[in-house]
Amino acid sequence: MARRISQKRNAKTYERPGLSEEEVEEIREAFNLFDTDGSGTIDPKELKAAMQSLGFEAKNQTIYQMIGDIDKDGSGSIDFEEFLDMMTAKMSDKDSREDIQKVFNLFDDDQTGKISLRNLKRVAKELGETMTDAELLEMIERADTDQDGEINAEEFYAIMTKKTFT
1065 MARRISQKRN AKTYERPGLS EEEVEEIREA FNLFDTDGSG TIDPKELKAA
1115 MQSLGFEAKN QTIYQMIGDI DKDGSGSIDF EEFLDMMTAK MSDKDSREDI
1165 QKVFNLFDDD QTGKISLRNL KRVAKELGET MTDAELLEMI ERADTDQDGE
1215 INAEEFYAIM TKKTFT
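So this is what it looks like as structure tokens:
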């Protein structure tokens, strides 16, 4: 019983906004599973396996860069708190990408994989916006990096996550 209470207390110590207690525990289990030597830290090889178990694919160069970005003590490995911070950020990115994809799908009602002028006109009308074709085409042109006259999912994601519009 005392052990269960201390485990709960430890879980609370590691709460993160946007993550449930179960998600923190899942990350803790992955951390413990891949801390194969029981050192309390994960080295680059262990980190790659841990991320794969949580559904993320990462190249070796990315793994070393990630460790370098979050390894506060310069040990070349990361402890649980550093791991949790990193995974919280990764899960947040994954969630926001999925949310943006859902919005893209609402625009792409004909399921072509692209947002056309027709799609944009429909959404503007549904929102009660009165916009000319020229205004809508200008919106498409701002996001249309491959200049095919339509917005694909990657272009939509880029414009939705861009901090400023030019």
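Residues in the sequence shown are numbered consecutively from 1065, following this note's numbering. Every residue, glycine too, gets a C-beta built ideally from N, C-alpha and C. Only a predicted model underlies this, so the values are computations on that prediction, with no experimental measurement involved.
Spatial neighbours of leucine 1111 within its chain, please: C-beta separation below 6 Å, excluding the five flanking residues on both sides.
Ile1127
Could you check if isoleucine 1069 is buried or exposed, using at least 16 other CB atoms within 10 Å of its CB as the buried criterion?
With a pLDDT of 36 at isoleucine 1069, under the threshold of 50, the predicted position of this residue should be treated as unreliable, though the coordinate-derived value follows. Classification for isoleucine 1069: exposed.
In the DSSP assignment, find the alpha helix (DSSP H) that holds leucine 1184 and state where it starts and stops.
1181 to 1190
For phenylalanine 1095, which residues from the same chain have a beta carbon less than 6 Å from its beta carbon, with the 5 sequence-adjacent residues on both sides left out?
Phe1144, Phe1147
Out of Asp1212, Asp1208, Met1115, which has the shortest C-alpha to C-alpha gap to alanine 1222?
Asp1208
Taking the DSSP output, what are the residues bridged to asparagine 1124?
Asparagine 1124 is not bridged to any residue.
Nearest residue (CA-CA) to glutamate 1121, options Met1155, Lys1166, Phe1171
Met1155
Pairwise C-alpha distance: serine 1160 and glutamate 1214:
22 Å
At the 8 Å Cβ level, is lysine 1136 part of the contact set with chain D, yes or no?
No chain D is present in this structure, which holds just one protein chain.
Starting from the C-beta of isoleucine 1134, find all residues in its chain whose C-beta is less than 7 Å away, skip the five residues before and the five after it, and write them out in chain order.
Ile1142, Glu1146, Asp1149, Met1150
Just grab the DSSP bridge partners of lysine 1178 for me.
Asn1216
Does aspartate 1197 come out as helix, strand or coil in the three-state DSSP assignment?
helix
Spatial distance of glutamine 1175 from asparagine 1169 (CA atoms):
7 Å
Alpha carbon to alpha carbon, what distance is there between asparagine 1183 and aspartate 1172?
6 Å
For glutamate 1162, tell me which candidate among Ile1091, Leu1201, Thr1225 has the shortest Cα-Cα distance.
Thr1225
Is the CB-CB distance between asparagine 1216 and lysine 1178 below 8 Å?
yes
Following the continuous alpha helix (DSSP H) through leucine 1097, name the residue where it begins and the one where it ends.
1085 to 1098
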